[in-house]
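Position 90 of the sequence shown, counting from 1, maps to 93 under our numbering, and the rest follow consecutively.
Don't be surprised by glycine CBs; every beta carbon is placed ideally from N, CA and C.
One structure below.
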Amino acid sequence: IVIAVAVATKLLGCGLPAMFFLKSKAQGMRVGIGMISRGEVGLIVAGVGVTAGVLTSEVYSTIVIMVAVTTIITPIWLKMEYRKEQRSGSGEPEQSIEQKPE
């Protein structure tokens, strides 16, 4: 359940706004997926919490597993999203954030 909540909150919290601002469902989805991974910051915060006695070892273990799983699934899922776009051939043109010289 913790992993499902971690994935859902990143998809909703990052993916939906990205869909709105980028005006692209596919690009918004990729942003949301890319944000799923929770790495060293989560581990550091959890470690501090255990050291301070705020978190139990069970909660710490859950956080470590969640960080590991989300870190592993993010690149795999992103790769699948990009391949799906390539196979369908309906990929939207990429938007560049580079400014062109005037």
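### Query
Which of the three DSSP states, helix, strand or coil, is assigned to Lys26?
Here residue 26 is taken as the residue at index 23 of the sequence shown, counted from 1. Lys26 sits in coil when the DSSP states are folded into three classes, being neither helix nor strand.
### Task
Report the rounded CA-to-CA distance for Gly50 versus Phe23, giving the unit in angstroms.
Residue mapping note: residue 50 aligns to position 47 of the sequence shown, counting from 1. Residue mapping note: residue 23 aligns to position 20 of the sequence shown, counting from 1. Between the C-alpha atoms of Gly50 and Phe23 there is a straight-line separation of about 36 Å.
#### Entry: Thr59 versus Gly42 - alpha carbon distance
Residue mapping note: residue 59 aligns to position 56 of the sequence shown, counting from 1. Residue mapping note: residue 42 aligns to position 39 of the sequence shown, counting from 1. Straight through space, the alpha carbons of Gly42 and Thr59 are spaced by roughly 20 Å.
### Task
Return helix, strand or coil for Met69, following the three-state DSSP convention.
On the sequence shown, position 66 is the one that residue 69 refers to. Looking at Met69 - three-state DSSP - the assignment turns out to be helix.
### Message
Considering just the uninterrupted stretch of the alpha helix (DSSP H) at Gly45, what are its terminal residues?
### Response
One-based indexing of the sequence shown puts residue 45 at position 42. The continuous alpha helix (DSSP H) containing Gly45 extends over residues Glu43 to Thr54.
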